[in-house]
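Per the working numbering, the very first residue in the sequence shown carries number 86; after that it's consecutive. Beta carbons are placed, not taken as given, at the ideal position from N, Cα and C, and that holds for glycine. Contents: one structure, followed by commentary.
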Amino acid sequence: MEWNAGGTKPILSLVCPPEEVFAPLRVYFQVSWARAEHMPANRLEILAPPKAAARMHWTRTEFHVRLPVFEKNQKKPLAKWISFNELVAFYVQATGQE
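And the structure:
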């Protein structure tokens, strides 16, 4: 998992399964928001530690990823479902092929 919160279009990159797990295929996703008004106001408080595990599910129009988020008056981040509405990139790769 990689979270690029800076810039005008924050992008969350995910790989399934993680690189450390042997699998014949890997699926790479990059998700974001289609418009600035779709972005949550607390997007800068979203944490996505590199190589951390994340839960994800999707519908026809949205991608939901469970990520730690710092909320007001909280000392520790809380896991919350964050909704994204744009699939930026999707890639399937056979293991051992670059």
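Between the options, which has its C-alpha nearest residue i's C-alpha?
{"i": "E87", "options": "V154, S98, N127", "result": "S98"}
{"i": "G92", "options": "S117, L172, K157", "result": "S117"}
{"i": "V173", "options": "L129, P102, V154, T146", "result": "T146"}
{"i": "V112", "options": "E104, V100, A90", "result": "V100"}
Determine the direct distance from the alpha carbon of residue j to that of residue i, and round the result to whole angstroms.
{"i": "K161", "j": "P135", "result": "18 Å"}
{"i": "F148", "j": "E171", "result": "8 Å"}
{"i": "H123", "j": "F155", "result": "19 Å"}
{"i": "E105", "j": "R140", "result": "17 Å"}
In terms of residue numbering, what span does the beta strand (DSSP E) encompassing residue i cover?
{"i": "R140", "result": "140 to 143"}
{"i": "L187", "result": "With the chain represented from 86 up to 183, any question about residue 187 goes unanswered, as that position is not in the structure."}
{"i": "Q115", "result": "110 to 117"}
{"i": "P153", "result": "148 to 154"}
Would you grab the beta carbon distance between residue i and residue j for me? Rounded to a whole angstrom, and I think it's under 8 Å.
{"i": "F169", "j": "V150", "result": "7 Å"}
{"i": "L110", "j": "Q178", "result": "7 Å"}
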